[in-house]
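A.B. asks: Handing you this structure, nothing more for now.
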Amino acid sequence: MLNWNEYRKELSTRIGDLAKLSPDTLAGYKALSGAGAKTGHLDAKTRELIALAVAVTTRCDGCIAVHTAEAARHGATKEEVAEALGVAVALNAGAALVYSARVMDAMGN
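First residue of the sequence shown? That's 1 in the UniProt record's numbering, and the numbers climb one at a time after it.
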């Protein structure tokens, strides 16, 4: 299994390297990342649970590493994380079902 703490640390170092070479890229990412939280309609824990579900559906190990730590920091329980992941699993299955309909459509044309 992956050592997530080590991975998160190394990821942070490499992102820091990128930031030095392309500071506008990181500044733009930070602006975009923060924009979604500005309304304040969702609490931080809920945002992190959503981020984890999206991280799973997009298969982003770095996102999983960062948002797992953030979800825990904001008080998410293992049960809450598991429920969010269940939504992610169902969504992926749903997407496969929807795309299966596209195949059926293509077969009919």
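Idealized CB from N, CA, C, for every residue including glycine.
(1) Within 8 Å: the Cβ of Arg102 and any heavy atom of the ligand SAM?
(2) If you scan the UniProt domain "Carboxymuconolactone decarboxylase-like" (23 to 105) from start to end, which runs of the alpha helix (DSSP H) of 4 or more residues do you find wholly inside it?
(3) How many whole angstroms separate the CB atoms of Leu49 and Val89, which I take to be in contact at a CB cut-off of 8 Å?
(4) What are the start and end residues of the alpha helix (DSSP H) that includes Asn5?
(5) Look at the Cβ atom of Arg8, then the Cβ atom of Ala65, and state whether they are nearer than 9 Å.
(6) Any contact between the segment 38 to 57 and the segment 87 to 104? By contact I mean 3 or more CB pairs, one from each, below 8 Å.
(7) In whole angstroms, give me the CA-to-CA distance for Leu97 and Val103.
(8) In angstroms with no decimal places, state the Cα-to-Cα distance between Asn109 and Ala95.
C.D. replies: Reading off the structure:
(1) Summarising the ligand content, the structure contains no ligands, and the ligand SAM is consequently not present.
(2) 23 to 35, 44 to 58 and 61 to 73
(3) On the sequence shown, position 49 is the one that residue 49 refers to. On the sequence shown, position 89 is the one that residue 89 refers to. Wrong, their Cβ atoms sit about 14 Å apart, outside the cutoff.
(4) Mapped onto the sequence shown, residue 5 falls at position 5. Taken as a continuous stretch (DSSP letters only), the alpha helix (DSSP H) holding Asn5 covers Trp4 to Leu21.
(5) By 1-based counting over the sequence shown, the position of residue 8 is 8. By 1-based counting over the sequence shown, the position of residue 65 is 65. Contact flag set, yes.
(6) yes
(7) As a position in the sequence shown, residue 97 is number 97, starting the count at 1. As a position in the sequence shown, residue 103 is number 103, starting the count at 1. Straight-line Cα distance between these residues: approximately 10 Å.
(8) For this step, residue 109 is matched to residue 109 along the sequence shown. For this step, residue 95 is matched to residue 95 along the sequence shown. Cα to Cα, Asn109 sits roughly 22 Å from Ala95.
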